[in-house]
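Working notes, beginning with the structure itself.
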Amino acid sequence: MTSDRKQKPSNSIPISFFDEDDSRPDSEDENMSEEQAEREVNHEPERADSGPESRVGDSGLGGPELAELVASRSELKRLQAALAEAQEAVARRQADFENYRKRIERDRGEAHNRVVAEAARKLLPVVDNLTRALDAERSVEASESKEFKHFLHGVELISKQLNDVLESFGVQPIAAVGERFDPHIHEAVVTEATNKYEPDTVIDELARGYRIGDRLLRPAMVKVAARPSDDE
């Protein structure tokens with residue numbers, strides 16, 4: 002029996018079946034794209050301008066925090082510069098003090114030598130007179146009495162004590178006899194023509210010279226050998 006009813010259109014959506022292999026590509030492609038993106042993020046090269054400021058920007062600091070950090074760094078640089086300037090000033094002060102100390106010591110030494118030199122110049126004539134008296138008495142010592150010899154010995158001790166006091170103040174006698182004549186420390190009172198000594202050699206000391214340090218108190222009065230003339 003043939004039905005006259007028309008077939009009603011179906012509201013169902015036709016389902017097409019795919020193989021399992023055909024249904025994976027979309028999901029696998031999605032997973033592959035995520036993994037690739039992650040690898041690209043992890044292997045992203047560091048930017049060339051990755052300095053402290055860029056790292057600060059990357060750290061996520063906001064405007065106020067960033068401004069405060071920049072201000073702190075500026076203050077640190079200012080303090081470092083002030084410290085370097087203070088250290089340099091201290092070094093200059095130390096150098097100035099050391100120079101001042103050396104100058105004071107030099108001035109003190111010069112003042113001491115000047116005072117001692119003035120006193121020594123006044124004592125030198127006394128030393129000269131004692132020396133002359135002793136030289137004169139030694140020439141007749143053999144004919145004098147025992148008491149006079151004791152007296153002469155006492156005068157010798159006084160002369161030695163006086164010379165020791167001068168030496169303790171830095172007063173030193175100038176070498177003369179046997180030395181080559183030096184016009185800076187010797188004064189030639191007499192010259193003697195002789196072949197016994199080389200010319201310009203001090204052969205006798207008439208008055209002893211003295212010095213204190215580099216300061217000349219009195220030149221030595223000396224006799225100097227001279228070259229004999231052809232007539233002699």
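Residue numbers (the working numbering): 2 to 233. Glycine included, every Cβ here is placed at the ideal spot set by N, Cα and C. Predicted model only: the values in this text are computed from it and were never measured.
The DSSP assignment places complete alpha helix (DSSP H) segments of no fewer than 4 residues inside the region 120 to 181 at 147 to 169, in order along the chain. Burial of Ile175 is indicated by the presence of at least 16 other C-beta atoms within 10 angstroms of its C-beta. Secondary structure at His113: helix, using DSSP grouped into helix, strand and coil. Beyond the five residues adjoining it in sequence on each side, Leu80 comes within less than 7 angstroms, by CB distance, of no other residue in the same chain.
Restricting attention to Ala194, Lys197, Thr195, Val178, the CA atom closest to the CA of Glu188 is found in Val178.
Annotated three-state conformation of Lys197 is coil, per DSSP.
The closest CA to that of Lys224, considering only Glu180, Tyr101, Ser140, is found on Glu180.
Residue range 203 to 208 is occupied by the beta strand (DSSP E) that includes Ile204. Apart from sequence neighbours up to five positions away, the residues of its chain that approach Ala227 with a beta-carbon distance below 7 angstroms are Thr192, Glu193, Ala194, Pro200, ordered along the chain. The region 124 to 141 makes no contact with the region 97 to 104: fewer than 3 CB pairs, one atom from each, lie closer than 8 angstroms. Distance between His113 and Ser75, taken at the CA atoms: about 57 angstroms.
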